[in-house]
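Trainee: Shown below is the structure under consideration.
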Amino acid sequence: MAVHRIRLRRPWEIDGQPPRVCFTRRFNCPTGLGPNERVWVVVEDLAGQGVMHFNGTPLGRLVPGPGPQRFEITGRLGPHNRLALVLEWPESPAGVEGEPPGRVRLEIESRQP
């Protein structure tokens with residue numbers, strides 16, 4: 014199985030202040046996806062806890078820790094997409110400076126038929 018990774022770095026939109034902050038990132042659908050490919054959002058090294066939303070629909074809970082936490086979005090992708098991490102934590106982490114307090118990426122898995 015081959016995996017292609019796309020890091021979701023800046024620009025993130027930030028709304029709110031600790032202890033509750035929403036980090037939003039927009040991106041276009043990856044091109045050239047075939048029927049044997051799956052797309053995931055992966056979060057690692059997360060400092061807070063909360064909920065992940067994709068195109069307005071909750072995907073699941075996020076917990077603090079090294080991860081990885083994986084959420085499949087293959088069937089939910091549109092031409093233009095919106096990922097939102099609504100996070101809570103007791104302190105003001107460095108993540109509020111422009112990115113979530115953790116690493117976020119897309120993974121495209123290609124499986125042989």
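Residue numbers (our numbering): 14 to 126. By construction, the Cβ of each residue, glycine as well, lies at the ideal position given by its N, Cα and C atoms.
(1) If you draw a straight line from the C-alpha of Pro77 to the C-alpha of Leu59, how long is it?
(2) Specify whether the segment 32-46 and the segment 82-94 touch according to this definition: at least 3 beta carbon pairs, one from each stretch, less than 8 Å apart.
(3) Compare the beta carbon distance of Trp102 and Gly61 with 7 Å and say whether it is the shorter of the two.
(4) Which of the three DSSP states is assigned to Arg23 in this structure?
(5) Are the CB atoms of Leu100 and Phe84 nearer to each other than 7 Å?
(6) Is the CB-CB distance between Arg116 and Glu57 below 7 Å?
(7) Mind checking which residues open and close the beta strand (DSSP E) that includes Thr37?
Mentor: Reading off the structure:
(1) 5 Å
(2) Between the segment 32-46 and the segment 82-94 there are three or more inter-stretch CB-CB distances shorter than 8 Å, so the stretches are counted as touching.
(3) Their beta carbons are under 7 Å apart, which means Trp102 touches Gly61 by this criterion.
(4) coil
(5) no
(6) Inclusion of Arg116 and Glu57 in the CB contact set at 7 Å is warranted, their separation being smaller than that value.
(7) Arg33 to Asn41
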